[in-house]
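Novice: Attaching a single structure in structure tokens format; questions to follow.
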Amino acid sequence: MFQQKVTRLRFLKYFLTALGTAVILSACDNSGTNTGSSSKDNSQTATAGKTIKVATEPTFPPFEFKGTGNEIVGFDIDLIKAVGKAAGMTVEFQNLPFDGMIPALQANTVDAAVSAMTITPERAQTISFSRPYFKAGLAIAVRQDNTTIANLDSLKGKKIAAQIGTTGAKKAKSISDAQVREFDSAPLALQELANGNVDAVINDAPVTLEAIKSGNIKGLKVVGQLITEEYYGIALPKNSPNLNAINTALAKIISDGTYAQIYKKWFNAEPPQLPETAPASTS
Ligand code: ARG
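If you read the sequence shown in my numbering, its first letter stands for residue 1, the second for the next number, and so on.
Below you can see the structure in the form of structure tokens.
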């Protein structure tokens with residue numbers, strides 16, 4: 001009887017040790033596939049069951065903003081949730097100022113950022129981007145009664161507002177003799193224009209158009225053509241082990257119609273064809 005119990009215990013011990021080894025082996029296996037050119041299936045199992053912390057700056061409707069119940073909603077939010085689902089990851093959001101996102105990714109305090117962030121060669125030196133998930137561009141906004149500003153040229157020497165750390169702010173600073181005022185959010189920059197304190201705002205076109213259409217900001221209009229063509233990407237720490245899984249999941253939701261469904265929900269239109277990589281000319 002006693003002998004039998006010992007045997008059973010010993011068996012259990014060996015079994016658990018063997019199980020532990022198997023778990024460690026499979027963990028090694030996963031980390032191995034992260035760095036190499038892994039197959040679709042492997043890259044998904046690398047993240048399966050993981051929770052990823054995703055930074056967002058939710059004052060940028062229709063991409064990320066606070067809903068009526070103070071919950072974070074928007075195109076980007078639906079998109080990253082669908083990506084997480086396809087990759088088997090749980091998504092947890094963290095609000096951050098837009099100009100704090102790249103530092104947070106560099107410090108690895110977040111696993112990703114989804115915030116209508118434009119893929120630029122400059123940013124790609126310090127962080128990694130997923131494949132493009134949205135085509136956008138910058139637009140110039142002025143007050144409705146303005147008749148003198150119609151394009152970039154006519155912004156020379158003017159007062160321009162933009163959100164800090166954005167491609168819009170960078171563009172504004174490249175205009176000769178312009179006085180650029182940077183704000184923590186795009187709505188604050190647009191409000192400054194509505195209040196008559198600056199001559200124009202340079203901001204992502206879909207967001208400025210949405211602010212005007214929703215009536216959130218009154219008395220403004222968009223003038224001229226889009227001044228840039230930009231593509232948004234999911235931002236990740238440089239060489240993140242999640243990059244493959246996120247790209248695979250994005251490709252999956254684009255091909256299975258989930259992406260089109262999310263696009264239609266927020267933009268009431270069919271999505272345009274997206275390139276697999278952002279064109280090099282992107283500002
Ligand atoms: N697309 C612009 C950029 O990447 C602006 C993004 C601002 N996003 C936000 N959630 N406030 O610089």
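Even for Gly, the Cβ is constructed at its ideal location relative to N, Cα and C.
Computed from a predicted model, the values in this text were never measured in an experiment.
Cα-Cα, which of E230, A211, A124, Y232 is closest to V222?
Specialist: A211
Novice: For V198 and T51, what's the separation of their Cα atoms in angstroms?
Specialist: 43 Å
Novice: For P237, which of helix, strand or coil comes out of DSSP?
Specialist: strand
Novice: With 16 other CB atoms within 10 Å as the buried threshold, where does T228 fall?
Specialist: T228 should be labelled buried.
Novice: Taking A136 as the reference, give the member of Y232, A278, F267 with the closest Cα.
Specialist: Checked all of Y232, A278, F267; the closest Cα to A136 is Y232.
Novice: Give every residue of the same chain whose Cβ lies closer than 6 Å to the Cβ of L243, excluding the five residues on either side of it in the sequence, and list them in chain order.
Specialist: S128, L236
Novice: So, under 8 Å CB-CB, G219 and R143 are touching, yes? Tell me the CB distance rounded to an integer number of Å.
Specialist: 6 Å
Novice: Determine the extent of the alpha helix (DSSP H) in which S176 is found, giving its start and end residues.
Specialist: Going by DSSP, S176 is part of no alpha helix (DSSP H) at all; its letter is neither H nor E.
Novice: Along the beta strand (DSSP E) that carries I202, what are the first and last residues, could you check?
Specialist: 200-204
Novice: Using the three-state DSSP reduction, which class does I254 fall into: helix, strand or coil?
Specialist: helix
Novice: Using a threshold of 7 Å, is the CB atom of D99 nearer than that to any non-hydrogen atom of the ligand ARG?
Specialist: no
Novice: Going by the CB atoms, is the gap between E57 and F98 shorter than 8 Å?
Specialist: yes
Novice: From G257, N195, A124, I140, pick the residue whose C-alpha is nearest to that of I175; which is it?
Specialist: I140
Novice: Sorted by chain position, which residues of the same chain lie with C-beta nearer than 6 Å to K85's C-beta, five sequence neighbours on each side aside?
Specialist: none
Novice: The alpha helix (DSSP H) spanning V114 covers which residue range?
Specialist: Careful: V114 lies outside any alpha helix (DSSP H) and carries neither H nor E.
Novice: Measuring only the C-alpha atoms, how far is V180 from T126?
Specialist: When rounded, the distance between both Cα atoms is 25 Å.
Novice: If you check the beta carbons only, do I234 and V114 fall under 8 Å apart?
Specialist: yes
Novice: Looking at the secondary structure, which residues open and close the alpha helix (DSSP H) in which A124 lies?
Specialist: Judged by DSSP secondary structure, A124 falls outside any alpha helix (DSSP H); it is assigned neither H nor E.
Novice: Take F138 as the anchor and find which of S255, A200, K81, A82 has the nearest alpha-carbon.
Specialist: Residue identity differs from the one stated: residue 138 is Leu in this sequence, not Phe. When each option's Cα is compared against that of L138, the closest is A200.
Novice: Do you know how far the Cα of I202 is from the Cα of L226?
Specialist: 10 Å
Novice: Any idea what DSSP makes of I149, helix, strand or coil?
Specialist: coil
Novice: With a threshold of 7 Å (Cβ to nearest heavy atom), would E210 be considered close to the ligand ARG?
Specialist: Of the heavy atoms belonging to the ligand ARG, none sits nearer than 7 Å to the Cβ of E210.
Novice: Should T118 be listed as close to the ligand ARG, given that the test is whether its C-beta is under 7 Å from any heavy atom?
Specialist: yes
Novice: For the alpha helix (DSSP H) holding A189, just list the boundary residues, first then last.
Specialist: 186-194
Novice: Whole angstroms is fine: what's the gap from E230's alpha carbon to G69's?
Specialist: 31 Å
Novice: So, with DSSP's three-state summary, where would you put N95?
Specialist: strand
Novice: Report the residue from V54, L105, V73, E71 whose alpha carbon sits nearest the alpha carbon of K238.
Specialist: L105
Novice: Hey, A194 and T59 are a contact pair by Cβ (cut 8 Å); roughly how many whole angstroms apart?
Specialist: Actually they are not in contact, since the Cβ atoms of A194 and T59 sit about 16 Å apart, beyond 8 Å.
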